[in-house]
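So in the numbering used here, spot 104 of the sequence shown is number 116, and the numbers just go up one at a time. The C-beta atom is built at its ideal place from N, Cα and C for all residues, glycine as well. Input: a single structure, listed below in structure tokens.
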Amino acid sequence: MSQNALVLIGRILIAIIFLVAGYGKLTAIGGTAGYFGSMGLPVPTVTAIVIGALEFFGGLAILVGFQTRIAALLLALFCVASALVAHFDFADQMQSINFMKNLAMAGGLLVLAAFGPGALSVDRRKG
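Written out as structure tokens, the structure reads:
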């Protein structure tokens, strides 16, 4: 299998989690805002919309390879921030796993930001 095909498959796999999570947040703003408020996040409704949009549209950008490096950097920062804010309870094994999952996703996104989306992408087609 070619390197570009592997990068495309990698982009698809990493995009799925952000598309699903972002869609879920954007279609349930009230519940998401309630959860964010319970964690003490500021202006929970606005935060829910911003985070939902970042996840959904960032995931879409990764999927098609559009502005990939920027999207990957933003999502990597989000993953680290989310790990620190929502998954920092190491006494809870599931939170520890989610913390490490977020760091692993950030690592993959940083690699994507560094090396680009591959030839099978909008970024490469337009340039």
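Asked: Cα-Cα separation between I109 and S133, rounded to whole angstroms; Found: 32 angstroms
Asked: DSSP three-state assignment for T39, whether helix, strand or coil; Found: coil
Asked: Close-in-space but distant-in-sequence residues of the same chain around I28 (CB under 7 angstroms, 5 per side omitted); Found: none
Asked: Contact under 8 angstroms by Cβ, E67 with A33; Found: yes
Asked: Same chain only: Cβ atoms within 7 angstroms of H99, ignoring 5 sequence neighbours per side; Found: Q107, N110, F111 and N114
Asked: Close-in-space but distant-in-sequence residues of the same chain around I41 (CB under 6 angstroms, 5 per side omitted); Found: A60
Asked: Beta-carbon gap between G70 and R136 smaller than 8 angstroms; Found: no
Asked: Alpha-carbon spacing of G43 relative to A125, whole angstroms; Found: 32 angstroms
Asked: Q79, enclosing alpha helix (DSSP H) - first and last residue; Found: Here Q79 belongs to no alpha helix (DSSP H), and DSSP marks it neither H nor E.
Asked: Whole-angstrom C-beta distance between A88 and Q79, which should lie under 8 angstroms; Found: Between A88 and Q79 the Cβ distance is about 14 angstroms, and since that is not below 8 angstroms, they are no contact.
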